[in-house]
Amino acid sequence: MIVFIFIGHFQRECYSQTIRTNSIVDIEEVIKQKENDKRQQAMLINFEKRYKIDDRILVEEFQNYYELIVSHLDKNGYTGGAEGYTLDKKTGKIKMVWHEHPMKLPE
Numbered sequence: 001m002i003v004f005i006f007i008g009h010f011q012r013e014c015y016s017q018t019i020r021t022n023s024i025v026d027i028e029e030v031i032k033q034k035e036n037d038k039r040q041q042a043m044l045i046n047f048e049k050r051y052k053i054d055d056r057i058l059v060e061e062f063q064n065y066y067e068l069i070v071s072h073l074d075k076n077g078y079t080g081g082a083e084g085y086t087l088d089k090k091t092g093k094i095k096m097v098w099h100e101h102p103m104k105l106p107e
């Protein structure tokens, strides 16, 4: 019986970390939403500062972390490429989880 209780607790813990709290929105909107949480707001502002003003950053918020997608402008017949990151809400640690290299645009 103890094993089943432990497994049930573990499943709830794993599930609770993946519950979505928001839809995918622009980083500026999330920064505004975090006015009452200066620590979270600062993490997002610092992430945004790493990129050019023309880069688009979309954010999806989860209970323990943010998923961020950074898209770069197309240029010279190629896509600008993109990256996906996670930003841990507790530690502020940023981890790249995927990267898309620029690709030639169809003519």
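The UniProt record's numbering numbers the first residue of the sequence shown as 1 and each following residue consecutively. Glycine residues also receive a C-beta, built at the ideal position from the N, C-alpha and C atoms. What you are looking at is a predicted structure, and each value in this text was computed from that prediction instead of being measured.
Give the secondary structure of residue i by DSSP, where H, G and I count as helix, E and B as strand, and everything else as coil.
i, result
"residue 43", "helix"
"residue 27", "helix"
"residue 67", "strand"
"residue 75", "strand"
"residue 32", "helix"
"residue 104", "strand"
"residue 38", "helix"
Could you spell out the range, first to last residue, of the beta strand (DSSP E) harbouring residue i?
i, result
"residue 100", "94-100"
"residue 85", "82-88"
"residue 57", "56-61"
Going by other Cβ atoms of all chains shown within 10 Å of its Cβ, with 16 needed for buried, is residue i buried or exposed?
i, result
"residue 30", "buried"
"residue 70", "buried"
"residue 40", "buried"
"residue 27", "buried"
"residue 96", "exposed"
Rounded C-beta distance between residue i and residue j? I'm assuming under 8 Å.
i, j, result
"residue 24", "residue 60", "5 Å"
"residue 104", "residue 77", "6 Å"
Taking CB distances under 8 Å as the criterion, tell me whether residue i reaches chain C.
i, result
"residue 75", "The structure shown contains no chain C, having only a single protein chain."
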